[in-house]
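Undergrad: Protein chains in written order, with the numbering used here: chain W, 1 to 275; chain V, 276 to 550.
Think of the CB as a built atom: it goes at the ideal place given N, C-alpha and C, for glycine as much as any other residue.
2 protein chains.
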Amino acid sequence: MGSLAFVKGHGTENDFVLLPDPDGALDLTPAVVRALCDRRAGIGADGVLRVVRSENAADAVAMAAEATWFMDYRNADGSLAEMCGNGIRVYARFLVDEGLEQPGVLRIATRDGVKVVRVGTAGDVTVDMGPATFPGPDEVKVRASGRTWSATSVAVGNPHAVVMVDDLDEAGRLRDAPEVEPVFPDGVNVEFVVSRGERHIALRVHERGSGETRSCGTGACAAVVAAARRDGVALPASYVVDVPGGRLEVTERADGHVELTGPAVLVARGDVLLA
Amino acid sequence: MGSLAFVKGHGTENDFVLLPDPDGALDLTPAVVRALCDRRAGIGADGVLRVVRSENAADAVAMAAEATWFMDYRNADGSLAEMCGNGIRVYARFLVDEGLEQPGVLRIATRDGVKVVRVGTAGDVTVDMGPATFPGPDEVKVRASGRTWSATSVAVGNPHAVVMVDDLDEAGRLRDAPEVEPVFPDGVNVEFVVSRGERHIALRVHERGSGETRSCGTGACAAVVAAARRDGVALPASYVVDVPGGRLEVTERADGHVELTGPAVLVARGDVLLA
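1) Determine the DSSP secondary structure at A65(W), reduced to helix, strand or coil.
2) Three or more C-beta pairs closer than 8 Å, one from the segment 251-258 of chain W and one from the segment 285-304 of chain V: is that the case here?
3) In this structure, does DSSP put E330(V) in helix, strand or coil?
4) Taking buried to mean at least 16 other C-beta atoms within 10 Å of its own C-beta, is L19(W) buried or exposed?
5) For the candidate residues R34(W), V188(W), T126(W), whose alpha-carbon lies nearest to that of E212(W)?
6) When the cut-off is 8 Å and only beta carbons count, does A419(V) lie next to chain W?
7) Can you name, in chain order, every residue of its own chain whose Cβ lies under 8 Å from the Cβ of V194(W), other than the five neighbours on each side?
8) Taking only beta-carbon atoms, is V193(W) less than 8 Å away from chain V?
9) Do A407(V) and C491(V) have their C-beta atoms closer together than 8 Å?
10) Taking 8 Å as the CB-CB cut-off, is V547(V) touching chain W?
11) In whole angstroms, give me the CA-to-CA distance for V154(W) and V480(V).
12) Flag D451(V) as yes if its beta-carbon sits less than 8 Å from any beta-carbon of chain W, otherwise no.
13) Any C-beta of chain V within less than 8 Å: which residues of the segment 189-217 of chain W qualify?
14) Return the Cβ separation of V389(V) and A367(V) in integer angstroms, given the expectation that the two are a contact with Cβ distance under 8 Å.
15) Would a C-beta distance cut-off of 8 Å place F291(V) and G362(V) closer than the cut-off?
16) So what does DSSP say about V188(W), is it helix, strand or coil?
17) What residues match up with N14(W) in a beta bridge as DSSP calls it?
18) How far does the alpha helix (DSSP H) with G537(V) in it extend, from its first residue to its last?
19) Give a yes or no on whether the minimum CB-CB distance between D128(W) and chain V is below 8 Å.
20) Whose Cβ in chain V lies nearer than 7 Å to the Cβ of H10(W)?
21) Can you list, in chain order, the residues of its chain whose CB lies under 6 Å from that of A342(V), leaving out five sequence neighbours each side?
22) Keeping to the same chain, check which residues put their C-beta closer than 6 Å to that of E376(V); ignore five residues upstream and five downstream.
23) Reducing DSSP to helix, strand and coil, say where P43(W) ends up.
24) Please identify the residue among V499(V), R528(V), R505(V) whose C-alpha is closest to the C-alpha of P511(V).
Right under this line is the structure:
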């Protein structure tokens, strides 16, 4: 099918292929997504972000009055995805760097609704991830590397089990998914969290379906919400969160919304040659 | 340092970032190589192939009369590498597609000397990998997943231990390096080989320092040399070799040289933005 313009970017090493497609002309089949995301035979990424005007995307046309651009996010396996805290920061950086939006407060349409993002002319990008909730169950056990911990169940759009540990090595090599009891019907991401100082934590994360990853935006948010409760901190509360792929900052606002701030880096641009 | 032109390509999913640098103007530090090969924060590849005229490269100027172009190959960790059977096919495809060489028989300078490559206007590329040798030891044992096999020690530039198995699953998940006795002082690549039919084998490979990989050009050659001896085949002998990343063809010539044939695909081209 010839060649296709792309940009590659990442946020704390959660990486994406961006495809500029303002008019919605691209037929982005699962096979094309898989080919693009293949780390050896393609460009390689955790997912694809198609950059399309909301008015030109069936999934977003209802949001077009509020948000000019729609983040059409696909997982590396070709499936549709709703939202990604690292992806939307990279997406916003692209819009500003390309001159498609002015720096400032942007509203971006996603399959999880319109998201509010703050982006400057350079540097970090902040996204309002919405409120965190505690859907339960109240008693959660996580088992890995022959150890068992109690976990806090937090939802930030998707479900998380947050475990406080003394040392991130306690979780072992995390080659397999930790066992979680009770079983979450749709699976659960597991964060292992250690204190690094006042309002400063570090974490490792095992994402359902992906294994251990370099970063998870919702996981960082869930970890901070759990840590703020453990620490008895009044809201608004801001924490620095070190993830394997870099550093994020998370603020739980007084209204319960969680803001995720961190780097959004465009790495390369060019044309991909598709057979 | 601004932006840098690149092409990404692969041969049976052994992938490379090619950097056109005919005049040898590029200061390719280990840090730059690591940044380019980083699969999340960079473009991602198994290695970098700098495309430089032999006359402009200190390592190749002595070969300039015989070979116009030097394949300056670096491993993903930034270290120098001598040769790569999959890499040189991709390199040759780039030279021809860019019009830097005519299709036909090319001589390409490498740190392992001048290599002869056959490349057409499209399709597979063949490289003469030189002679295979049997440096010993004669009695080699390989252990993985609780099983032990006898192996054949074959060198194709680098050392290999070739194990014939009934089923590729016998080797288990290969998360750790197989144990090899006696110990090879510089390490050894291990191939697990199964018959798929007449002069047709399939293999899995564990490469020293890299773990299980999608393909290994010298490993495919070593496996065919071992299989041809087991099968009592007269030379020249040609085998089809299925590797996890695709299909190769290997011919052991009557003069003992081993020819490796397979795909060489250019995937994308563009500019990488370096901080």
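TA: Let me spell this out:
1) By one-based count along the first sequence, residue 65(W) stands at place 65. Three-state DSSP puts A65(W) in coil, outside helix and strand.
2) no
3) Against the second sequence, residue 330(V) aligns to sequence position 55. Three-state DSSP puts E330(V) in a helix.
4) Along the first sequence, one-based indexing puts residue 19(W) at 19. L19(W) is buried by the Cβ-count criterion.
5) Counting from 1 along the first sequence, the entry for residue 212(W) is found at position 212. Checking every option, the nearest Cα to that of E212(W) belongs to V188(W).
6) Taking the first residue of the second sequence as position 1, residue 419(V) is located at position 144. It does not: the Cβ of A419(V) has no partner Cβ on chain W nearer than 8 Å.
7) Within the first sequence, numbered from 1, the residue matching residue 194(W) stands at position 194. Result list for V194(W): M164, V165, D166, D167, L168, I201, A202, L203, in chain order.
8) For the purposes of this step, residue 193(W) is identified with residue 193 of the first sequence, where counting begins at 1. V193(W) does not count as touching chain V.
9) Counting from one through the second sequence, the residue named residue 407(V) turns up at place 132. Counting from one through the second sequence, the residue named residue 491(V) turns up at place 216. Their beta carbons are not under 8 Å apart, which means A407(V) does not touch C491(V) by this criterion.
10) On the second sequence, residue 547(V) is found 272 positions in, with the first residue counted as 1. Closer than 8 Å to some Cβ of chain W, the Cβ of V547(V) qualifies, so yes.
11) Along the first sequence, read from residue 1 onward, the residue named residue 154(W) stands at position 154. Along the second sequence, read from residue 1 onward, the residue named residue 480(V) stands at position 205. One C-alpha to the other measures close to 42 Å.
12) Taking the second sequence and counting its residues from 1, the one referred to as residue 451(V) is at position 176. Cβ-Cβ to chain W under 8 Å: no for D451(V).
13) R214
14) As a position in the second sequence, residue 389(V) is number 114, starting the count at 1. As a position in the second sequence, residue 367(V) is number 92, starting the count at 1. Contact doesn't hold; Cβ gap of about 13 Å is too wide.
15) On the second sequence, position 16 is the one that residue 291(V) refers to. On the second sequence, position 87 is the one that residue 362(V) refers to. Cβ distance < 8 Å, so F291(V) and G362(V) count as in contact.
16) Taking the first residue of the first sequence as 1, we reach residue 188(W) at position 188. If DSSP states are grouped into helix, strand and coil, V188(W) belongs with coil.
17) In the first sequence, counting from the first residue as 1, residue 14(W) sits at position 14. Paired residues: G11(W).
18) Taking the first residue of the second sequence as 1, we reach residue 537(V) at position 262. Taken as a continuous stretch (DSSP letters only), G537(V) belongs to no alpha helix (DSSP H), being part of the beta strand (DSSP E) at 532-537.
19) As a working note, residue 128(W) is residue 128 in the first sequence. No, D128(W) does not count as interfacial toward chain V.
20) Locating residue 10(W) in the first sequence gives position 10, where the first residue counts as 1. Those are R315, A316, listed as they occur along chain V.
21) Indexing the second sequence from 1 puts residue 342(V) at position 67. So the list reads S329, R382, I383, A384, V389, once near-sequence residues are dropped.
22) Within the second sequence, residue 376(V) is the residue found at index 101, counting from 1. Cβ within range, chain order: L370.
23) Here residue 43(W) refers to the residue found at position 43 of the first sequence. It should be noted that the sequence gives Ile, not Pro, for residue 43(W). Here I43(W) sits in coil by DSSP.
24) As a working mapping, residue 511(V) is identified with position 236 in the second sequence. Here the closest residue by C-alpha is R528(V).
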